[in-house]
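K.L.:
Just passing along the structure, written as structure tokens.
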Amino acid sequence: MTTLNSKIPEGPIAQKWENYKAHTNLVNPSNRRKLDIIIIGSGLAGGAAAATLGEAGYNVKLFYFQDSPRRAHSIAAQGGINASKNYQNDNDSDYRLFYDTVKGGDYRGREENVYRLAQLSGNIIDQCVAQGVPFAREYGGTLTNRSFGGAQVSRTFYASGATGQQLLLGAYSSMNRQIKAGTVKSYSRHEMLDVVIVDGKARGIIARDLVTGKIERFGAHAVVVGSGGYGNVFYLSTNAMNCNATAAWKIYKKGAYFANPCFAQIHPTCIPVSGENQSKLTLMSESLRNDGRIWVPKNIEDVKAIREGKLKPTEITEENRDYYLERRYPAFGNLVPRDVASRAAKERCDAGYGVNKAGYAVYLDFEDAINRLGKDIVKERYGNLFDMYENITGDNPYVTPMMIYPASHYTMGGTWVDYETMTTVPGLYAIGEANFSDHGANRLGASSLMQCLCDGYFVLPATISNYLNDDIHTGPIATDTADFDKAEADVTGLIDKLFAVKGSKSVDYFHKKLGKVMWDKVGLSRNEKNLKEAIEEIKVIREDFWKDVRVTGKANQFNNELEKAIRVADFLELGELMAIDALNRKESCGAHYREESVELDGPQKGEAKRNDKDFTYVAAWEYMGDGKAPKLHKEELTFKAIELKQRNYK
Amino acid sequence: MDFTLKIWRQEDANAQGSMKEYKVTDIDSDTSFLETLDVLNQQLVEKNEDVISFDNDCREGVCGTCSLYINGEAHGPKKLVTTCQLYMRSFKDGQTIYIEPFRAKSFPIVKDLVVDRSAFDRIQQSGGYTSFDTGGAVDANAILIPKEDAADAFDAAECIGCGACVATCKNSSAMLYVSAKVSQFAYLPQGRVEATERVMNMVNQMDAEGFGNCTNTGACEVECPKGISLENIARLNREFLKATLVPK
Amino acid sequence: MSRFLSSSIGRKVVMALTGFFLITFLIVHLGINLSLFWGPEAFNEASEFMATNGVIQVMQYVLAAGFIMHIILGVKLELQNRSSRGVKYAVNKPSENSSFSSRNMIVTGIIVLLFLILHLKDFFVELKFFDKGGFSTDYDLVTALFKNPVYTAIYVIAFILLGIHLSHGFQSAFQSTGANYNKYKRCLKNTGIAFSILIAVGFSAIALYFSFIN
Numbered sequence: 116m117t118t119l120n121s122k123i124p125e126g127p128i129a130q131k132w133e134n135y136k137a138h139t140n141l142v143n144p145s146n147r148r149k150l151d152i153i154i155i156g157s158g159l160a161g162g163a164a165a166a167t168l169g170e171a172g173y174n175v176k177l178f179y180f181q182d183s184p185r186r187a188h189s190i191a192a193q194g195g196i197n198a199s200k201n202y203q204n205d206n207d208s209d210y211r212l213f214y215d216t217v218k219g220g221d222y223r224g225r226e227e228n229v230y231r232l233a234q235l236s237g238n239i240i241d242q243c244v245a246q247g248v249p250f251a252r253e254y255g256g257t258l259t260n261r262s263f264g265g266a267q268v269s270r271t272f273y274a275s276g277a278t279g280q281q282l283l284l285g286a287y288s289s290m291n292r293q294i295k296a297g298t299v300k301s302y303s304r305h306e307m308l309d310v311v312i313v314d315g316k317a318r319g320i321i322a323r324d325l326v327t328g329k330i331e332r333f334g335a336h337a338v339v340v341g342s343g344g345y346g347n348v349f350y351l352s353t354n355a356m357n358c359n360a361t362a363a364w365k366i367y368k369k370g371a372y373f374a375n376p377c378f379a380q381i382h383p384t385c386i387p388v389s390g391e392n393q394s395k396l397t398l399m400s401e402s403l404r405n406d407g408r409i410w411v412p413k414n415i416e417d418v419k420a421i422r423e424g425k426l427k428p429t430e431i432t433e434e435n436r437d438y439y440l441e442r443r444y445p446a447f448g449n450l451v452p453r454d455v456a457s458r459a460a461k462e463r464c465d466a467g468y469g470v471n472k473a474g475y476a477v478y479l480d481f482e483d484a485i486n487r488l489g490k491d492i493v494k495e496r497y498g499n500l501f502d503m504y505e506n507i508t509g510d511n512p513y514v515t516p517m518m519i520y521p522a523s524h525y526t527m528g529g530t531w532v533d534y535e536t537m538t539t540v541p542g543l544y545a546i547g548e549a550n551f552s553d554h555g556a557n558r559l560g561a562s563s564l565m566q567c568l569c570d571g572y573f574v575l576p577a578t579i580s581n582y583l584n585d586d587i588h589t590g591p592i593a594t595d596t597a598d599f600d601k602a603e604a605d606v607t608g609l610i611d612k613l614f615a616v617k618g619s620k621s622v623d624y625f626h627k628k629l630g631k632v633m634w635d636k637v638g639l640s641r642n643e644k645n646l647k648e649a650i651e652e653i654k655v656i657r658e659d660f661w662k663d664v665r666v667t668g669k670a671n672q673f674n675n676e677l678e679k680a681i682r683v684a685d686f687l688e689l690g691e692l693m694a695i696d697a698l699n700r701k702e703s704c705g706a707h708y709r710e711e712s713v714e715l716d717g718p719q720k721g722e723a724k725r726n727d728k729d730f731t732y733v734a735a736w737e738y739m740g741d742g743k744a745p746k747l748h749k750e751e752l753t754f755k756a757i758e759l760k761q762r763n764y765k
Numbered sequence: 287m288d289f290t291l292k293i294w295r296q297e298d299a300n301a302q303g304s305m306k307e308y309k310v311t312d313i314d315s316d317t318s319f320l321e322t323l324d325v326l327n328q329q330l331v332e333k334n335e336d337v338i339s340f341d342n343d344c345r346e347g348v349c350g351t352c353s354l355y356i357n358g359e360a361h362g363p364k365k366l367v368t369t370c371q372l373y374m375r376s377f378k379d380g381q382t383i384y385i386e387p388f389r390a391k392s393f394p395i396v397k398d399l400v401v402d403r404s405a406f407d408r409i410q411q412s413g414g415y416t417s418f419d420t421g422g423a424v425d426a427n428a429i430l431i432p433k434e435d436a437a438d439a440f441d442a443a444e445c446i447g448c449g450a451c452v453a454t455c456k457n458s459s460a461m462l463y464v465s466a467k468v469s470q471f472a473y474l475p476q477g478r479v480e481a482t483e484r485v486m487n488m489v490n491q492m493d494a495e496g497f498g499n500c501t502n503t504g505a506c507e508v509e510c511p512k513g514i515s516l517e518n519i520a521r522l523n524r525e526f527l528k529a530t531l532v533p534k
Numbered sequence: 123m124s125r126f127l128s129s130s131i132g133r134k135v136v137m138a139l140t141g142f143f144l145i146t147f148l149i150v151h152l153g154i155n156l157s158l159f160w161g162p163e164a165f166n167e168a169s170e171f172m173a174t175n176g177v178i179q180v181m182q183y184v185l186a187a188g189f190i191m192h193i194i195l196g197v198k199l200e201l202q203n204r205s206s207r208g209v210k211y212a213v214n215k216p217s218e219n220s221s222f223s224s225r226n227m228i229v230t231g232i233i234v235l236l237f238l239i240l241h242l243k244d245f246f247v248e249l250k251f252f253d254k255g256g257f258s259t260d261y262d263l264v265t266a267l268f269k270n271p272v273y274t275a276i277y278v279i280a281f282i283l284l285g286i287h288l289s290h291g292f293q294s295a296f297q298s299t300g301a302n303y304n305k306y307k308r309c310l311k312n313t314g315i316a317f318s319i320l321i322a323v324g325f326s327a328i329a330l331y332f333s334f335i336n
């Protein structure tokens with residue numbers, strides 16, 4: 116396959132989804148119970164899909180590595196979820212949400228998918244309210260909204276600082292209802308280690324029972340991967356410790372193209388790294404930027420005094436502070452998109468203005484907000500975030516400004532999917548953060564919850580019948596076939612190989628090493644030289660890993676070291692693909708910033724420069740075999756409903 | 287900082303377990319508790335020994351995966367935080383720290399400090415939902431809910447399902463956990479529709495799982511990392527009384 | 123109803139309701155006892171009333187049933203609770219999160235029960251079945267018993283333990299029946315403690331008064 120068929124339906128953009136639904140193939144309710152669907156991941160995408168497909172009457176088998184489906188990392192999303200409800204009467208509309216998302220993604224998303232996302236966004240809120248999600252409300256009893264980075268309207272729905280938790284528990288509750296009804300079977304502490312392809316179609320998986328270590332086979336008529344993103348390739352990230360790319364990587368190796376792997380979002384407001392044993396970074400919701408002002412001292416002497424502990428930030432007068440976002444981007448100020456905010460912070464710190472001991476932190480200050488709104492309102496809006504910050508750092512943000520720094524957070528890239536969320540392998544789907552489609556080169560705040568739930572509740576359940584329609588006479592998928600034998604043998608072979616290395620270094624050692632290369636050379640700011648070096652360095656780390664890794668414990672028991680080893684082995688390959696993709700994309704767009712591609716003059720001087728002529732495409736990479744260069748396929752992006760413009764937040 | 291760690295080791299569910307002693311040295315006070323266990327595990331890898339298994343994931347206090355009974359308290363000595371949010375500055379240099387799994391008959395041990403909390407999921411499956419299919423919802427603003435009720439529902443819904451309440455309770459009672467979900471729905475009009483069946487099913491399942499009875503010691507509320515209020519248990523009792531004794 | 127009684131919550135509600143009933147009984151009992159301070163006539167009259175009034179006679183059996191249910195259920199729940207944790211913690215600090223009284227209801231309860239048996243033998247049985255144990259009036263029997271310092275000591279200790287039992291039991295009964303709201307939580311707690319002190323001090327004061335002063 117050389118051209119990718121994204122299967123966009125006919126008609127004007129606003130009617131495409133309706134057209135699609137009106138003409139797609141269906142499976143009648145009595146046939147659905149004959150069809151098995153495997154879902155990997157119980158987060159917002161996977162959980163919502165499991166619940167909805169179960170309600171429809173399909174047999175769903177849900178796999179997740181956590182001990183409970185409620186623990187998927189969607190739960191950690193704090194800020195909110197966007198929807199074009201226009202409850203605030205500020206001229207919001209589907210088009211405007213669509214426009215903001217495409218623009219925020221720097222015109223590297225597929226516009227038809229994004230439009231559908233905007234159209235369905237309101238339904239998500241209705242759905243969640245019906246489930247009993249306790250969104251924040253006005254005194255009149257209606258839902259309230261707040262504004263978020265990258266938008267000029269107030270369209271973000273939230274439940275204090277735990278929106279992701281509440282939405283996930285909503286999906287979890289619907290899923291539980293289906294588990295009770297018997298349509299969803301839940302496999303906790305099971306990790307998918309390969310997909311099984313039979314006659315070119317995805318027909319099942321091989322999974323490891325993480326408690327007993329048993330390798331098991333499961334057959335199904337379709338396989339859905341909702342396994343999240345790969346931000347942990349950086350080792351330190353805001354992702355949960357066990358978030359991994361294994362499912363996505365295994366399907367890549369079985370023929371599902373991987374799209375735009377270099378699009379990894381670095382979140383601007385995280386708590387800075389404090390020590391060498393640090394295992395993860397904690398995100399402070401972007402909503403803080405609504406009322407917080409970001410600054411560093413204007414004078415380098417003040418910076419020094421602060422680092423030495425001789426000066427407190429509160430002692431620096433207004434005229435000696437550099438509110439650099441407000442200075443550089445007067446129209447959006449502190450609410451510029453994440454990539455812009457992150458790079459601006461890095462720019463200041465690289466210039467020597469970082470305010471913590473290591474020099475990698477900027478201030479996020481609430482003094483103005485407290486003076487303007489009063490402490491009570493600030494507490495009501497951000498109380499739990501402030502508490503969390505104080506617990507981690509020991510500083511009280513009501514009294515002294517927070518310190519923040521960017522950290523790896525979300526990956527826009529992922530498995531390539533068409534309009535139906537099907538990958539290049541028939542019967543294999545990817546939803547939520549695991550796919551690439553909607554956020555382009557940069558995701559706006561409060562959009563990931565929206566996309567995951569949209570895929571899970573509305574898109575996949577409406578599109579999967581088009582494929583399953585052919586399978587109503589297939590009967591149960593047998594797992595005692597040569598294809599399953601081979602896949603299982605590959606998995607046990609991999610595990611044996613890991614134990615056989617008997618090296619001297621721990622899995623974490625290699626992960627940390629990889630993370631450092633990724634952060635330094637494939638992180639916030641990239642250039643050709645660094646990327647080429649990174650590719651070589653990753654290869655070396657990978658070779659070392661297979662020569663010198665030590666996996667303790669046994670295969671047939673609960674063994675977290677083995678789990679990590681399998682995951683890190685995949686990260687060591689994925690990291691290289693990210694660098695290859697970043698090297699290929701010789702433009703700056705969204706989160707992908709190439710130092711060679713900046714505006715040289717004009718009002719946007721120094722800002723990232725996109726190259727629409729050469730790079731308005733999705734880079735979908737095909738796996739060609741171990742040690743072979745992956746093959747690039749381009750899905751050209753056309754924008755009919757929106758004009759391609761340089762982003763301008765000034 | 288240096289610490290002596292006494293940690294419960296148990297090969298698997300059926301094995302006999304015991305407390306084993308370990309030492310960690312030169313730990314920065316800003317290191318988190320779980321990072322200290324990471325450091326210890328790295329040492330074990332160096333010695334080619336099996337690492338200590340413990341559940342953890344988000345490490346920011348919301349997924350509810352981490353557990354641990356630390357020096358006689360669920361999630362350690364600091365109130366209103368999970369183990370993953372505990373930092374070594376909460377301990378004294380040279381201190382001996384006892385680390386045990388959450389213990390309850392309904393939470394069988396999987397390995398070392400890892401326990402099986404699937405009983406919690408089964409309780410939710412028995413009734414912790416509104417029966418409503420995707421796609422059939424009315425406009426979100428068609429259901430008006432007083433701001434305070436929404437906030438109270440949220441406070442109950444904040445439960446992360448970690449099991450500290452059960453681990454702490456001298457009776458291994460799961461009442462706080464169950465009451466949080468029942469309360470969340472009790473505050474909301476969407477939840478009232480099935481209130482009767484929900485509370486009966488969830489309490490029945492809770493009893494069937496072998497959790498103990500609530501004797502109102504209030505320990506759960508104190509040790510709950512999310513500060514779920516004991517008032518929710520009173521509400522659960524009311525809901526249950528209403529469901530079982532008031533004729534329809 | 124059967125689902126109610128077989129459930130953990132239902133049983134706790136029965137514990138609470140019988141508890142409330144016993145609390146009411148304690149108030150009445152204390153009232154009668156306090157009449158000792160008003161001299162033999164007052165007490166004998168009250169005693170006579172209790173022995174002859176029809177309602178009280180019927181309530182006697184209800185009271186006995188209440189006691190028995192409270193005790194049997196308490197023991198049953200305790201046994202169930204003890205078995206709900208297999209391996210015990212090597213280190214446990216329950217004092218960090220709960221009161222002594224709340225954790226030791228079974229201990230205080232059983233000791234009070236033992237006292238109750240002794241108490242029934244010495245007073246109730248004597249008064250009712252053995253013609254006042256040889257004394258001419260109820261008053262004489264009661265005051266004579268308190269002349270025994272060992273008996274008085276046991277009596278006082280038992281009532282202090284009963285006070286501890288009540289300091290948790292009072293508020294716990296409200297919580298179990300769902301009648302606890304954050305708004306009234308502190309008020310209920312304080313009332314409970316005040317009531318426990320009243321019972322412990324009230325009964326003990328009588329014993330001490332007749333032991334040492336009168």
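One line per chain: the protein sequences are A, B and C, in this order. Each residue of the first sequence is one higher than the one before, starting from 116 at the first, in the numbering used here. Each residue of the second sequence is one higher than the one before, starting from 287 at the first, in the numbering used here. Each residue of the third sequence is one higher than the one before, starting from 123 at the first, in the numbering used here. Ideal Cβ positions, reconstructed from N, Cα and C, are used throughout, including at glycine.
Just to confirm the assignment: which complete alpha helix (DSSP H) runs, minimum length 4, are found wholly within the region 434-515 of chain B?
P.N.:
The qualifying runs are 450-454, 461-473, 475-478, 481-494, 505-509.
K.L.:
Thr257 of chain A versus chain B: which residues are under 7 Å apart at the beta carbon?
P.N.:
The contacting residues are Asn427, Leu430.
K.L.:
Go to Phe333 of chain A, then tell me how far its alpha helix (DSSP H) extends in each direction, as first and last residue.
P.N.:
From DSSP, Phe333 of chain A is part of no alpha helix (DSSP H) but of the beta strand (DSSP E) over 330-334.
K.L.:
For Met227 of chain C, return the contacting residues in chain B, with the cut-off set at a CB-CB distance below 8 Å.
P.N.:
Those are Thr501, listed as they occur along chain B.
K.L.:
Counting only Cβ pairs nearer than 7 Å, list the residues of chain B close to His213 of chain C.
P.N.:
It is worth fixing the name first, because residue 213 of chain C is Val in this sequence and not His. The contacting residues are Asn357, Gly358, Tyr384.
K.L.:
Spell out whether any CB of chain C is found under 9 Å from the CB atom of Gly413 of chain B.
P.N.:
So, not an interface residue.
K.L.:
Give the DSSP bridge partners of Ala522 of chain A, in chain order.
P.N.:
Looking at the DSSP assignment, Ala522 of chain A forms a beta bridge with A:His382.
K.L.:
Just to make sure I have the definition right: I need the residues of chain B whose C-beta is within less than 9 Å of the C-beta of Gln203 of chain A. Which are they?
P.N.:
None at all; the shortest Cβ gap to chain B is about 12 Å.
K.L.:
So that I know if they touch, is there some Cβ in chain A lying closer than 9 Å to that of Lys309 of chain B?
P.N.:
Answer no: the Cβ-Cβ gap between Lys309 of chain B and chain A never drops below 9 Å.
K.L.:
Classify Ala166 of chain A as buried or exposed, calling it buried when 16 or more other Cβ atoms lie within 10 Å of its own Cβ.
P.N.:
So Ala166 of chain A counts as buried.
K.L.:
Rounding to the nearest angstrom, what Cα-Cα distance links Leu559 of chain A and Val451 of chain A in this structure?
P.N.:
Distance between the alpha carbons of Leu559 of chain A and Val451 of chain A is about 10 Å.
K.L.:
Taking 9 Å as the CB-CB limit, is Pro383 of chain A close to chain B?
P.N.:
By this cut-off, Pro383 of chain A is not an interface position.
K.L.:
Any Cβ of chain B within less than 9 Å of the Cβ of Ala615 of chain A?
P.N.:
No, because no Cβ of chain B sits closer than 9 Å to the Cβ of Ala615 of chain A.
K.L.:
Could you confirm whether any beta carbon from chain D is found closer than 9 Å to the beta carbon of Gly314 of chain C?
P.N.:
Included in the structure are the protein chains A, B and C, with no chain D among them.
K.L.:
Going by other Cβ atoms of all chains shown within 10 Å of its Cβ, with 16 needed for buried, is Ile319 of chain C buried or exposed?
P.N.:
Under this definition Ile319 of chain C is an exposed residue.
K.L.:
Should Gly347 of chain B be flagged as near chain A, meaning a C-beta pair shorter than 9 Å?
P.N.:
It does; some Cβ of chain A falls within 9 Å.
K.L.:
Comparing C-alpha positions only, which one of B:Asp398, B:Ala428, B:Gly303, B:Glu525 sits nearest to Ala301 of chain C?
P.N.:
Cα-wise, what sits closest to Ala301 of chain C is B:Glu525.
K.L.:
Identify the contact partners of Gly540 of chain B in chain A, using a Cβ-Cβ distance below 8 Å as the criterion.
P.N.:
This structure cannot speak to residue 540 of chain B, because chain B is shown only from 287 to 534.
K.L.:
So Val452 of chain B and Phe497 of chain B are in contact, right, with Cβ under 8 Å, and what is the actual spacing, rounded?
P.N.:
With 8 Å as the limit, Val452 of chain B and Phe497 of chain B qualify as a contact, their Cβ atoms being about 6 Å apart.
K.L.:
Identify, in the order they occur along the chain, each residue of the same chain with its Cβ nearer than 7 Å to the Cβ of Trp661 of chain A, setting aside the five sequence neighbours on each side.
P.N.:
For Trp661 of chain A, where only same-chain residues beyond five positions count, the Cβ hits under 7 Å are Val616.
K.L.:
If you reduce the DSSP assignment to three classes, tell me which class Asp425 of chain B lands in.
P.N.:
Residue state, collapsed to three classes: coil.
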